[in-house]
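Participant:
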Amino acid sequence: MRALLALSRAIDALSEGVGRIIVWLVLVVSLLSAGNALMRYAFRYSSNAYLEAQWYLFSLIFLLGGAYALKHNAHVRIDLVYGRLSKRTQAWIDLVGTLLFLIPMSLGVIYLSWDWVANAVAIREMSPDVGGLPRWPIKIALPVGFALLALQGLSELIKRLAFLTGHLPDWTPEEEEEVV
């Protein structure tokens with residue numbers, strides 16, 4: 017179990033690192049959106065590239081930020097019921113949900129998007145809009161984001177198993193950690 021917990025810590029560190037980068041993308045997309053609006057309304061200048069860059073960065077925030085949110089237990093759930101359950105029952109619910117839904121769904125998205133992404137990269141897919149950006153780089157983010165989510169799911173699975181077998185006193189993120 018020590019080796020699995022070490023793997024879990026390594027995955028957590030990866031998710032944390034990606035999450036800290038994503039936080040900065042929120043600032044970048046906000047500034048880009050404000051700049052784009054300023055250019056359109058103040059200077060009557062419009063660019064498809066600016067608009068698509070906003071979409072791409074917004075997509076990156078959600079695709080790559082999912083693992084960070086999972087690590088910090090920040091995904092939406094029905095806390096009205098879940099929060100009243102014992103830690104052991106919560107661990108079982110998380111374990112079953114991760115095994116039956118999160119990991120298979122993530123792997124399914126990776127599998128189903130693989131040819132789509134490979135084709136986009138092979139033909140160096142571009143935006144159909146004049147002045148638009150290449151499409152293939154943002155398409156790579158889909159399987160990468162779900163791979164990160166599947167890895168973090170594995171980490172959460174390891175933590176729940178360790179808790180249920182008595183190798184870990186608690187799996188929840190430390191209270192002093194601030195979710196950025």
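Quick note, the sequence shown lines up with residues 17 to 196 if you use our numbering. Glycine is no exception: its CB is placed at the ideal position from the N, C-alpha and C atoms.
What whole-angstrom Cβ distance do L164 and A83 have, given they're in contact under 8 Å?
Facilitator: Going by Cβ atoms, the distance from L164 to A83 rounds to 4 Å, so yes, they are a contact pair.
Participant: Which residue marks the beginning of the alpha helix (DSSP H) containing P153, and which one marks its end?
Facilitator: 152 to 180
Participant: Count the CB pairs spanning the region 135 to 151 and the region 90 to 104 that are closer than 8 Å, and state whether there are at least three.
Facilitator: no
Participant: Below 8 Å, how does it come out for the region 71 to 83 and the region 107 to 115: are there three or more Cβ pairs, yes or no?
Facilitator: no
Participant: Secondary structure at Y55, three-state DSSP: helix, strand or coil?
Facilitator: In the sequence under discussion, the amino acid at residue 55 is Met, which differs from the Tyr named in the question. DSSP places M55 in helix when its eight states are reduced to three.
Participant: Which word fits D28, buried or exposed, when buried means at least 16 other C-beta atoms lie within 10 angstroms of its C-beta?
Facilitator: buried
Participant: Around the C-beta of G81, are 16 or more other C-beta atoms found within 10 angstroms, so that it is buried, or is it exposed?
Facilitator: Buried.
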